[in-house]
Amino acid sequence: QRLFVGDQVIRINAESEEQIQLLQALETQEEWELEFWRRPVSTGLPVDVRVPRGSLEPVRSYLLAHDLPFSVLISNLQELLNEEKAEMERNQKLEL
Amino acid sequence: STRSINFAAYHTLDTIYSWMDSLVAQHPGLVTKEEVGRSYEGRPMYVLKFSTGSDRPAIWIDTGIHAREWVSQATGVWTANKIATDYGSDASLTSLLNSMDLYLLIVANPDGYVYTHTRDRMWRKTRSVNPGSACRGVDPNRNWDAGFGGPGASTNPCSDSYHGPAAHSEVEVKNVVDLITSHGNFKSFISVHAYSQLLMYPYGYSCSHVPDQPELDSVGRAAAQKLASLYGTSYRVGNICNIIYPASGGSIDWSYDAGIKYSFALELRDTGRYGFLLPASQIVPTASETWLALKHIMEHVRDHPY
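Heads up: the protein sequence lines correspond to chains L and P, in order.
Using the working numbering, you'd call the opening residue of the first sequence number 107 and step up by one each time.
Using the working numbering, you'd call the opening residue of the second sequence number 126 and step up by one each time.
Dropping the structure here:
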């Protein structure tokens, strides 16, 4: 099963068209293996992106270097998935 | 035999399918489970049909065409139960089902859904093999014959928005297309997604307004108001292209172009921090508020025959 240990989901609130374009450039950056849950479209909509653990540092540097305001939505994706799985298992036992 | 189910929990495909049988058993005069075809990996695709008579116009609702959007499928389960249990006691729903049929496809992408339970919780697409590529799957909401291959869809099989080799190449899409086409009397087509809190209407493949834009916008805004009346959840309303981004090959663009005027897509709630991982405790609140919007749309469809 695919694991997401240490992966983070980051929310970026672009404040200008120029920042949207910077984020769109990130979409084509294959090396960091980013997964956009919500793509950069306009300043009115937040951008959510899953960042693999190994790419956290360069992505954060990129965002800071371009004054892109961001916050961490999910600090460790795998922890949330583990909780979800445990809850499902508890529920299945109850139903049985 | 009947099976109870916890609506405030996420469930496997087998559990959902098994529960469907129970729902049918409990409401034999109202609900039937029909196989609309098989998925790429051979899993049955079951639609619940709510019907009280023959030769009726119909409403279509599908949930979870994107596998990882679990609150969509869970909302489908809750909604099916709501419809079955409220029939006969809710006057408006009763009158609706006395004049129209309702089809509910709870798991529109069964292979992908199973894959999210067993291999990759973040999987979105189908599981079909792409010849010449190591990457599998097609985005089933870029695969419809509506501006197919246009903006907002990828030609790369490794992309999450890969449109596939041809329109309706995905059997999961083709099964629905065949059912809708052969039926010939659907008046509304609603697709349920998660998690951006949107209520959308066509088009996604073009940013031009559809002829029915004023009416669809008005219905959508009223539906979003009804939804917000329960917990204050705020939805944006508009056409796909302008409210998010151009996206070709989408299901409701196809249905609209096929003559189904009341075509809508919903993106259900997040609580701001979870995305595709909305906690199970949020399923019932999400489904409850969504029901108010769905009901408003369906009532409008009932009251505005065309």
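The beta carbon of each residue, even a glycine, is placed where N, CA and C say it ideally should be.
Bear in mind that the values here come from a model prediction, so they are computed numbers and not experimental data.
Let me know the secondary structure DSSP gives residue i once reduced to three states.
i                     : result
residue 361 (chain P) : strand
residue 324 (chain P) : strand
residue 418 (chain P) : helix
residue 388 (chain P) : strand
residue 346 (chain P) : helix
residue 351 (chain P) : helix
residue 192 (chain L) : helix
residue 233 (chain P) : coil
residue 178 (chain L) : strand
residue 311 (chain P) : strand
residue 424 (chain P) : helix
I'd like to know if residue i contacts chain P, where contact means its C-beta is closer than 8 Å to some C-beta of that chain.
i                     : result
residue 143 (chain L) : yes
residue 115 (chain L) : yes
residue 197 (chain L) : yes
residue 133 (chain L) : no
residue 190 (chain L) : yes
residue 173 (chain L) : no
residue 107 (chain L) : yes
residue 128 (chain L) : no
residue 193 (chain L) : yes
residue 179 (chain L) : yes
residue 155 (chain L) : no
Suppose you measure from the CA of residue i to the CA of residue j; what does that come to, to the nearest Å?
i                     : j                     : result
residue 422 (chain P) : residue 269 (chain P) : 23 Å
residue 338 (chain P) : residue 219 (chain P) : 29 Å
residue 139 (chain L) : residue 289 (chain P) : 22 Å
residue 177 (chain P) : residue 385 (chain P) : 22 Å
residue 207 (chain P) : residue 125 (chain L) : 45 Å
residue 147 (chain L) : residue 361 (chain P) : 15 Å
residue 143 (chain P) : residue 142 (chain L) : 34 Å
residue 309 (chain P) : residue 166 (chain L) : 53 Å
Could you confirm whether any beta carbon from chain L is found closer than 8 Å to the beta carbon of residue i?
i                     : result
residue 189 (chain P) : no
residue 400 (chain P) : yes
residue 372 (chain P) : no
residue 291 (chain P) : no
Return the residues of the stretch 242-271 of chain P that lie within a Cβ-Cβ distance of less than 9 Å from chain L, sorted by chain order.
242, 243, 244, 245, 246, 247, 248
Ignoring anything shorter than 4 residues, give me the alpha helix (DSSP H) runs that lie fully in the stretch 141-228 of chain P, in order along the chain.
195-211, 216-222
Below 9 Å between beta carbons is the criterion; list the residues of the stretch 130-149 of chain P that meet it against any residue of chain L, in chain order.
130, 131, 133, 134, 135, 136, 137, 140
Taking a cut of 7 Å between CB atoms, which residues from the stretch 196-208 of chain P lie near chain L?
none
Which complete alpha helix (DSSP H) runs does the stretch 273-308 of chain P hold, if anything under 4 residues is left out?
296-308
Interfacial residues, the stretch 346-370 of chain P to chain L, with Cβ spacing under 7 Å
369, 370
Check each residue of the stretch 306-326 of chain P: if its Cβ is closer than 7 Å to any Cβ of chain L, include it; give the result in chain order.
321
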